[in-house]
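Using my numbering, the first residue of the sequence shown is number -18, and each one after it goes up by one. For each residue, glycine too, the CB sits at the ideal point set by N, CA and C. Treat the numbers as computed from the prediction; the structure is a model and nothing was measured.
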Amino acid sequence: MEMFPSWQVLLTFSLAAAALTITPGPDMTYFLSQTVGRSRAAGLAAFAGSALGIVLHSTLVAVGLSALLVASATAFLVLKIVGALYLLWLAIDALRNGSAFHLEGLGGRHPPLRRVFLKGFLVNILNPKVIVFFLTFLPQFVSAGDPYAGSKLFILGVFYVVVSAPICVGMIMSAGGLANALRRSARLRRTVDYVFASVLGAFAIKLLAARAQ
-18 MEMFPSWQVL
-8 LTFSLAAAAL
2 TITPGPDMTY
12 FLSQTVGRSR
22 AAGLAAFAGS
32 ALGIVLHSTL
42 VAVGLSALLV
52 ASATAFLVLK
62 IVGALYLLWL
72 AIDALRNGSA
82 FHLEGLGGRH
92 PPLRRVFLKG
102 FLVNILNPKV
112 IVFFLTFLPQ
122 FVSAGDPYAG
132 SKLFILGVFY
142 VVVSAPICVG
152 MIMSAGGLAN
162 ALRRSARLRR
172 TVDYVFASVL
182 GAFAIKLLAA
192 RAQ
């Protein structure tokens, strides 16, 4: 169906989404902190809230970018170029500064799971880096002349959750060992940084080279 991205696009998108998922950030810090400090149920609740935040981000981005595309295809193409440059900057920044992984102490507090879910949602939805990332990342997978761009943007955002869910659930199920490994091994953290930087860097360079042709 034309309103769905092609399998080639989904495959490329899955690779980039997986690289992003394994990179420590505020959402990973929160759901691993809840898992290690409390229970797997709390970790799953935190991740579920974060996943809902991603779906909301995708919806807003799809609506906003669809409106931009209708208003000006040129502006949409400019956004794609700026987005590719931003992805390249993220790759360079990951190599220069690395990922700051730390678990939050719960201080003996055990709020209801619905509150853990809500905080997971807020951690994601209020993170400006997530907003900017989705605003610049998703447009790379649709063309300015595609009449189904809006639906494809939304589907890709939801598909991001599909890709990240098994990875994050696996992290939660093995949270104790994973958290200790990340805290103790600078080499492991740097390996994650290199994977993230390699995938996004190669992707950004390919996009910029295609635009230059």
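Applying the criterion that 16 or more other CB atoms from any shown protein chain within 10 Å of the CB defines a buried residue, is Leu181 buried or exposed?
buried
Assuming Gly24 and Gln15 form a contact by the criterion Cβ under 8 Å, report the distance between their Cβ atoms to the nearest whole angstrom.
5 Å
For Gly126, which of helix, strand or coil comes out of DSSP?
coil
Would you call Ala56 buried or exposed, if buried means 16 or more other Cβ atoms sit within 10 Å of its Cβ?
Exposed, because fewer than 16 other Cβ atoms sit within 10 Å of the Cβ of Ala56.
Under the assumption that Leu50 contacts Phe118 (Cβ atoms under 8 Å), give the Cβ distance between them as a whole number of angstroms.
Not confirmed; about 16 Å, so no contact.
At what residues does the alpha helix (DSSP H) containing Gln15 begin and finish?
Start and end: Pro7 to Gly18.
Given that a residue counts as buried once 16 or more other Cβ atoms are within 10 Å of its Cβ, and exposed if not, what is Arg170?
buried
Only counting the same chain, and skipping five residues up and downstream in sequence, which positions put a Cβ closer than 8 Å to that of Ala(-2)?
Phe140, Tyr141, Val144 and Ser145
Helix, strand or coil for Phe177, going by three-state DSSP, please let me know.
DSSP places Phe177 in the helix class (H, G or I) of the three-state scheme.
Grouping DSSP H, G and I as helix and E and B as strand, with all else coil, what is Asn108?
coil
Leaving out the 5 sequence neighbours to the left and right, which residues in its chain are closer than 6 Å to Leu94 when beta-carbon positions are compared?
Around Leu94: Ala26.
Please work out which residues of its chain come closer than 6 Å, Cβ to Cβ, to Gln194, disregarding the five sequence neighbours upstream and downstream, and give them in chain order.
With a pLDDT of only 48 at Gln194, under 50, the local geometry of the prediction cannot be trusted, and no value is derived from it.
Under 8 Å, do Cys149 and Thr2 count as touching if we go by C-beta distance?
A distance below 8 Å separates the beta carbons of Cys149 and Thr2.
Whose C-beta lies closer than 8 Å to the C-beta of Leu76 among residues of the same chain, with five residues either side of it excluded?
Asp174, Tyr175 and Ala178
According to the neighbour-count rule (16 or more other Cβ atoms, all chains shown, within 10 Å of its Cβ), is Met152 buried or exposed?
buried
Report the residue from Gly131, Val(-10), Val113 and Leu159 whose alpha carbon sits nearest the alpha carbon of Thr40.
With distances taken between Cα atoms, Thr40 lies closest to Gly131.
Using only the alpha-carbon positions, how far apart do Phe122 and Val(-10) sit?
The alpha-carbon of Phe122 is positioned some 7 Å away from that of Val(-10).
Can you give the Cα-Cα distance for His91 and Ala22, rounded to whole angstroms?
So the alpha carbons of these two residues sit roughly 12 Å apart.
Ala32 to Ala72, Cα distance in whole Å?
23 Å
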